[in-house]
Structures are given as C-alpha cells and as structure tokens.
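Protein chains in written order, with our numbering: chain F, 1 to 570; chain B, 1 to 570.
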C-alpha cells in the first residue's frame, strides 16, 4: 500500500485513531498460530488494521461467535450454475466464500476471448474477489468442434491483468506428457504462474511426468490413495465437493484415518448449482462435512483459507492479521459452522436482498448458428452385414459411460425402440454444420425428445429422443431460443428453460431457473427416464471426449480409450 | 522448462531412457507427505526426473542412508565470514546448505551498488544457489556515516535480476512505523516481492503496524513468546543460530513444549564464521540441534527446506519431487544427521578439495580513505563543571551495551586508566573525515590498542586503546593495509589480519584467517580484556546505532533509546 494509506491505517493499528468498524469480543481463528482467542478485529479502508483491543466509529458485539478468514473456492466454473456469473458469486459469498478462482472455459469454448472477457466483466467491482485461470484446453481435445480455439498467442494478452493467476485445468494430460507443441507453448507461457491440473487416473510414472511439467494442483482425485500420490509429487490436492462430483468424504476419511498432514490440501466445488448453495452451502459445506468426518476444525479452515491463498499466490487473503484484506466470516460455532455474517473488504454483506442481474452484451446472446433441422437430417444407417453396432450405455448416478455392442432394430435405418434411443450432436457454432448420430441405452425417454445447448466442453446442441420428428423439433426450439434445455413431447414443445447467454446461462434469476428446472426434470422422469438418471446432467456430458468410455461428437461416435472415432458421421 | 528439455527429462521419468545419475535404494524424505520410503531418485539435466525404480548411466547405492532436499539458509551476511563470499558458500554447501539467501548490506554500506555487484558476481555460476535481498538500510540510520546511501531509485535497476528476491532486513522499524518517506518508497517498490524484517522487541501494536507494512519475515526473535507474537501476525520466523546470536534453543524448546505448528518457522544463520561451519555445521547444525531438543526430524527438515523455499517463492527448490532442482543431501540417519554426500543440480559436491578463490576487482580493495592520524587528533576534552560523562559499558557475551555516568580521570583531557579506556571511530569513506571519541569500560586493554575496519554497519575504523599513540598507530596500520583487524602494543604493530576487500574480507583463505584470528584474540586477552569478551566482535558492534543502548559514531556518542547524540565530536 502507498504511504498515505499506510499512515491512515497504521494510526488505527496503533490506537491513535478510530477504526471504521470493530468486530468486538469475537473468538478469532488464527490460521498461522492455530489458536483461537477472544479479541477485537479493527477494520480500516477495507483492510484488517489490527487484532486486540480497539474502538471504532461502528462496533458490532460478537461475543460468543467465531471469526474465520473468508473462504476460498480454488476451482469452479461459474457457467455451471446456469445463472449469470455475478448472481452466482453473490449467492455463494453469502455463504462465506469471499474468493473464487474461476476457469471460464465453458464461455471460452463458445466465444473464445469474448467469453473470458464476459466472465471478467461480470465479476468486476463485485462484493467478492474473483480471479481467473485462463482456459488451457479450448477445445477440450482435437476431436471436438468448439466455437473457438485458444492458443498460447490468444492467452498472452491477459498475462498483465492482475486478476489472472495462471493456466486453468490442463485436461489434456497426454498432450502434456507426450510433449505436444501447442500445449507446451501454453505451459511455457505460464511457467512462473500457477498451472491447475486435471489428471483423474494417471499411472505413477505418467503422473510424475505430469508434475514435471509444472502442474501445481489437481481437483480430480476421487480417493485418498491417489490424492497422496499427487501430494508426494508436490501437487496440491483441491478436494472437490460440487453438485455432480463429490470426492470429499473419500479423501477426508483417509486423511483422518492416517493422521495425514493437511498442508497440501484445499477445497473446491468445480460445478455447483444455485439450489444446493442455498440449501447446503458452498465452501462452508466442505468445511462442515470435513469436520463432521473428524478433521480438526482449524485444519479444515486452513484448507479453506490460508493454504488456498498461498497456493495461488494471494498474499493479501486467507488470514485475519494486520494488512490482510478485511474478508471475515462470522460463525456460530466450530461444529455447525452456521454463517452468521460475512464481511468483504470490511463491509457486511447483505444476506437476503434481491440480487441485481447485470445484463449481458447482445452479441453473446446470439451464439447458436445452425440450419433448421428436418427429420431427414437424422437418418442413421444400419451397418451392413453381421457386425454389431456400438451403443453408449448410461450408468446411473455417473457421467462415465460404457460401450455395449448390439444388433439394432429397424430395416435399413436405425429406429428407436424401448431399449435403444437416438442421440445426436449438432455443431452449432456455424462452422462445420456436421451432425453426429448414435445410439444410447439406459436413457428410456418415450414419445419425445430432450435437448440441451449445455454440452461439455464445446457446447454443441445435444439431443436424445425416440423419434426423428421430436428430435428435430427440440433442436429447432433451441435455435429459436438461442440455447437452453428443452423437452418435446408428441410433436409439441412441452417446456424450455431459455439459456441465451452463450447458450449456457439465463438472465432470469436463480429462482426462475431452479423452479423451471425442477419441473422439467420431473417431466423427463415421467417420460420414462429412470429416477437415478439426472437427464440434463447426462445430456451435458455425453459429448465430452475426454471422459471414458464412449462419447458422441459432431464427427461421430468416439471411443475415449481407443482415441478414435468408431462411427463416422455421414 | 522448454519442450525439448521436457521431452528429454520426461523420457527418464517414464522409464524410456536412462537417467544421468540414480541414487539407488535411499530412504527418501518426502516433505509434502511427511513420509520416508525407500526408492531410487533419478536425476537428469540437474533436475529430479522421478522417484521410484530407475536405472541410470551412473548409479550410487545408498542403502541405509536418508535423502533430504538441500537445506536453505534464509538470511545471512556472507561478509561476516571474513573470507570471500565464494569460499564461504562452498564451505557451507559441503554441509548440505545448497541455497543461500544473502543480504549484502555490509558491502553495500562501504561501496553501494558496487558492493552488491561484488556479492552477485562472486556467487554467480557457483555450485550452490545464491539469492540476494537488496539492502534496505544503507546507512543503517540517519545518524551514521556510511560509504554510500541507497535509495529506492538505486535499488530499482536490480528488480529484473532473477537472483533478487526482495528487500533485505528492514532494521529501521521506526522509519516504517512512522511512515518515513524514503523507507516507504522502498517498501512500495518491493511490495510484490519478499520483505525481510528485523524487529527484535516491538510493542504489540507497533509489531502489528510493522506487519501491516508488508514485512514477511523476522530473524531477530530471541524467545518463543515473541516468536509467536510474530507468527500470529503472519510473519514467518527465521530461527537464527549463528556464531554471535543463538536463538534456536529458546524458540524450539517453546515449540516442543507447546506442540506448536511449525509451518511458519524456518532457519537462518545471519552471521557465521568459517571455523564453526567446519566444526559444527551450518543449517545441518540447526536441524540437528532442533531434533536434539525434541522436534520431529521431518518437521525440522521441512523448516530447512520446503517451508523456506515457499516463503521466498523458490518453487523449484526445497523438495525431492519431479521437476525440482536436483539438490539432495544424503544423511547417515535422522538423529546424528551426519552429512554423507551433497548433490547440487544432480552433481556430487567435492567435500575436501581446496577451494579456489575468485579474485576481487582492485577498486574494491582500496576503500579506506582517511588522513593519517596523529595522537593530537584524539584529544577528548573533559566536561566543565560537575557533570558526569556518559561511558559505554561492555556486557560479557553480548553486543548490547549500557550507559554508565562517571567522573573521568585526567585534568583538561580524558586520560585512560585501568577502568576507562578510549574508544574512537574514524570516518573512512573519505567523506566527512570526522572522528568520534568516547570512553568505554569493561574492555580492559593495557599497553596498546586494537582496531577494526569491520564495524557495523558503516564500517568506519573503530579502535579501543589506553593511549593515543597506539590508537593512532592502529588506525594508520589499517590505512596501510586498507582494512583489517590490528593489534598495537607499546608503539609497535603486533599483528594485523588484512581484510582488503572493502575493508571486510580476506583473500587469503579461511585457514589463514582462522589461524591468525585465533592467535590475535588470544593476544588481546593477554593484554587484559576479559576472556568472556570477544574483542573483535565487540569492536565491530560498538558503532551500530540501532542496537541499545549507547554507541559511538564519527559524529559522537549516540544514545539509541533517546535517539540523539549525547557527546558531539569536535
């Protein structure tokens, strides 16, 4: 800080002038000394001026409460919430997460740099700290058709932005390990910054080679043994507990059972929906769950605060100490960890008021570019001869799939029946216009179709149905709304959740989104899809060609293990 | 690392090609997981390629030994060793310290930027990692007369040097806290880097104000209670164990007794002589002593390695993991911690060979600029009237002093007697030519004088004697040798340890320096100085006007507590 600011704040520190605000008589959680002691926290100009005995122009008596540094989510995609980034951040900040390290790779896959700029702009001057990791894998792999390609050259202009901390999750681990030139240009560009990893199941030597490339973190660990393999290699494990993937219990149980040192662990949510933030919490939920599993509360809070801040080089965040930013969470106790108040830069956050939605530029609401479909575009020819056809099998409660080989019903062309439905991906960025068509099972929709423009990571239009007419109508409905989730039944649109921002997000607010989504999910289940299948989550992952085992892309059906297309689009 | 290097090393990591060197079957100390397991360490291009089962072009069987990351000394002044910087570093590296974070403020006080450049140049391309913190306090305070003044403007050109990590020990704590403009210009310049502190005994609110200014570390803690006050404020405590100040026992005993978390502690030596490095060790001595006091060996090794590296942002150092620099110390066990071998960048260090001395530029060997002294320059007039004279009292085994008021012997002028001796400081940078003259007690030299050009921090010539003739001769001898330690007895030079490099260091090698110094110290004790007074250490600190309570400067006798001169030079 400059000298004038220092003189102003240090006068408070030394007791010569009154603080802007004093949090009186609170049990301060010191993440350095691992002590808790009763004291006053003096805040001035948004900074913590001192901890001790202070008086202020405003004083809040917090006798009996606990003060923690604001929580940090080390890795998340704001787009996953389906609402505007600003709205989600404010919602989660009310639960004590004052710092968000986001990877805008959904937006970037649709709109390239403009997508990154949108996330930066939405989260600027907001009552939380939002930092950005630049997307490393746009597109996710070279078999995918995204709306943009981001090379090292495209990312370089962002390096001087103080909100950019490094390179986002490097999903293409084989490009790293095999030394692919474009990937290494990015790794080199970010060599002095933080590089987030994404390496769910590498063999030991491959994991070492991945670490050798300078990868600092990973949030894909699903068990304690693999987490420790990463820790041994100097990788910080971001324990993920989101709406889809939930790895906290498995890892924290291991830590507690082994009495392991926790200094190389932090928390993240990756993907989290607004209703679960409202219901369960955000990073506070991670801490609460870890404590319930037997982790020492101060160790858990360190994982959510100072360790995360140190991992990402955020020297002004993560602690209640002189000079740190005034981000403080007031908790009722260290077991329930109920949020009483949240302060960001020394100012109390509103907990209940309406959240103003910051509008999106019009050009980002017009990103679905495809020709209207007709049923004749959706013909899938049956293979000639005795060979069986590769079918994508959905597994309940999971996003991985299995390949099964089956004889298909129908004469010359595949015709859906009770077991086998049609799945299609329509390139929607106006580039190739290709349509990938395949067969899916264990997604038993009857008499209609469901479609989505949220379809990781390229976000083409994905659709599943039992007849070509409804499939075509569902895709055309999302062309009309410029993105969203839709259900078509018997030749009519049943309902559509419009997601016009990049085809990923709604401006209608989280209450509207939650209400409509709940109703639509119910409807899909009524149409025959099993209750243990989350229809829109399944839809959104069926086209991601980096997750085992079979996926569909606009180019055809892709086998992730074999690394090639097993059914080509016509 | 660039792609070609990555491909070369990762081929070793993945077992496709042989390592340059493999340390076989060693007990690897993993500072991340806090585990020890038997494995091979594969080294390639100076980098750790992998830990596991490896083969190499060269293999060393280390069955039964332990492998630690190379040790890090977080704060030291190379000049204190009295030998060339290169020689000291190599000597200490043989004891396992592979990384040195040095503050060249002795050289800088004599020669400004040229002094910093000398340290950088001496320690470049050396078999150890030497980083530099830029001196923050040249001169140490505004009552001192150094050979140079370094402002923020003078330090700025160094910022892009990758060996510069930040700003060196900020001794002038009141300049920080009171918001002195020049100090804050420096703090601002280094705001995004590391700023080392020096705050031995600040009141709680002042310590908070000091931390508020962005100070990251302190090495001046002498007890556990104060160390914890610093830790609570987010300051990393560098536990100091050098030749003069020894604080390890007091702090580590507290840590062990309280079961305190050690993540905010590291080690440093500050000032260490070559003979104690050879005899006891360097950072290995700190670890050994901490373990003997009951600290867990892995925690102690973490303090000496990964924690130090993280504190100073050295992401490639401090651990045995893929991608880390190949700095490895081989120990016989975790109690004795005897050094078996040291590797730097994957190459074994020679343990016994002679150390080549890199010559110093001639201009840095010509820094004592003063007019020859005659006894008449050394007259100290007695105060008129009944007032008593402030006398500097030396305390055994310490560098702090006491002020005592005494009636002085002699008629018009002070004449030394058995109790009171004369002390003088002669400005030697050719600037003011002033001579400060005072009275000292408990330094009972008889029949001669001792002088030194090592005199913190300005390194003027300091001298104590019992007669003006020998005092003048001692100063003139150091003019002749352009610096050193000298003893004069009965009108003749008894012996001189020449320190011609900036008046601080010898090019004659550590054996010569140790032999001569030992003999000279004996001689001073024979001349009457008590055995518990280290004569040249006492001499070297009597002019440092930031250490309590009374000091002498070329401007006169200075009271540190009162912050003014109490006897003015004529």
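Just so it is clear, CB atoms sit at the ideal spot from N, CA and C, and this is done for glycine as well.
Secondary structure of residue 187 (chain B) (DSSP, three-state): helix. A Cβ-Cβ contact shorter than 8 Å links residue 98 (chain F) with residue 128 (chain F). In this chain, the beta strand (DSSP E) harbouring residue 424 (chain F) covers 420 to 426. In the displayed model, residue 197 (chain B) falls within a strand according to three-state DSSP.
Here the alpha carbons of residue 35 (chain F) and residue 91 (chain B) stand approximately 41 Å from one another. Within chain F, the residues 232 have their CB atoms less than 8 Å from the CB of residue 30 (chain B), given in chain order. In terms of beta-carbon proximity, residue 7 (chain F) lines the interface with chain B, with at least one pair separated by less than 8 Å. Chain order gives the chain B residues near residue 34 (chain F) as 261, where near means a beta carbon separation below 7 Å. Within chain B, 33 have C-beta atoms less than 8 Å from the C-beta of residue 228 (chain F), given in sequence order. Distance between residue 173 (chain F) and residue 30 (chain B), taken at the CA atoms: about 24 Å. The continuous beta strand (DSSP E) containing residue 133 (chain B) extends over residues 129 to 134. Between the C-alpha atoms of residue 298 (chain B) and residue 291 (chain B) there is a straight-line separation of about 9 Å. In the DSSP annotation of this structure, the continuous segment of the beta strand (DSSP E) that includes residue 58 (chain F) starts and ends at 56 to 61.
With distances taken between CA atoms, residue 341 (chain B) lies nearest to B:330 out of B:330, B:347, B:335 and B:334.
Per DSSP, residue 30 (chain F) is one residue of the beta strand (DSSP E) stretching across 19 to 30.
Using a CB distance cut-off of 8 Å, residue 522 (chain F) does not count as an interface residue toward chain B. Counting only residues of its own chain and dropping the five nearest sequence neighbours on each side, residue 546 (chain B) has a CB closer than 6 Å to the CB of 140, 141 and 171. Only residues of its own chain outside the window of five on either side were considered, and among them 443, 444, 445 and 535 have a CB closer than 7 Å to the CB of residue 529 (chain F), listed in chain order.
Residue pairing of residue 403 (chain F) in beta bridges, as defined by DSSP: F:392. In summary, residue 37 (chain B) is exposed, with fewer than 16 beta-carbon neighbours lying within 10 Å of its beta-carbon over all protein chains present. Counting along the chain, the unbroken beta strand (DSSP E) around residue 341 (chain F) starts and ends at 339 to 344. At a cut-off of 4 residues, the continuous stretches assigned as alpha helix (DSSP H) that sit fully inside the region 301 to 372 of chain F are 306 to 311.
Proximity of chain B to residue 238 (chain F) at the Cβ level (cut-off 9 Å) is not reached, the minimal Cβ distance being about 15 Å. For residue 551 (chain F), the uninterrupted beta strand (DSSP E) segment begins and ends at 550 to 553. The CB of residue 332 (chain F) never comes closer than 8 Å to any CB in chain B; the least such distance is about 24 Å.
DSSP, reduced to helix, strand and coil, places residue 440 (chain B) within a strand of the structure shown. As DSSP reads the structure, residue 69 (chain F) sits in a beta bridge with F:328. Only those residues of the region 544 to 565 of chain F whose C-beta falls short of 7 Å from the nearest C-beta of chain B would be listed, and there are none.
Separation of the CB atoms of residue 87 (chain B) and residue 501 (chain B) is rounded to 11 Å, and the pair is thereby denied contact status at 8 Å.
Among the residues of the region 156 to 167 of chain F, none has a Cβ less than 9 Å away from any Cβ of chain B. What residue 321 (chain F) touches in chain B, judged by beta-carbon distance under 8 Å, is 211, 232, 233 and 234, going in chain order.
Contact annotation: in the region 168 to 186 of chain F, residues whose CB is within less than 7 Å of a CB in chain B are 177, 179, 181 and 184. By the Cβ neighbour-count rule, residue 564 (chain F) is exposed, with fewer than 16 other Cβ atoms within 10 Å of its own.
Closer than 8 Å to the CB of residue 129 (chain F) there is not a single CB belonging to chain B. Residue 32 (chain F) counts as buried, since no fewer than 16 other beta carbons sit within 10 angstroms of its beta carbon. Counting along the chain, residue 452 (chain F) sits inside the beta strand (DSSP E) bounded by residues 448 to 452.
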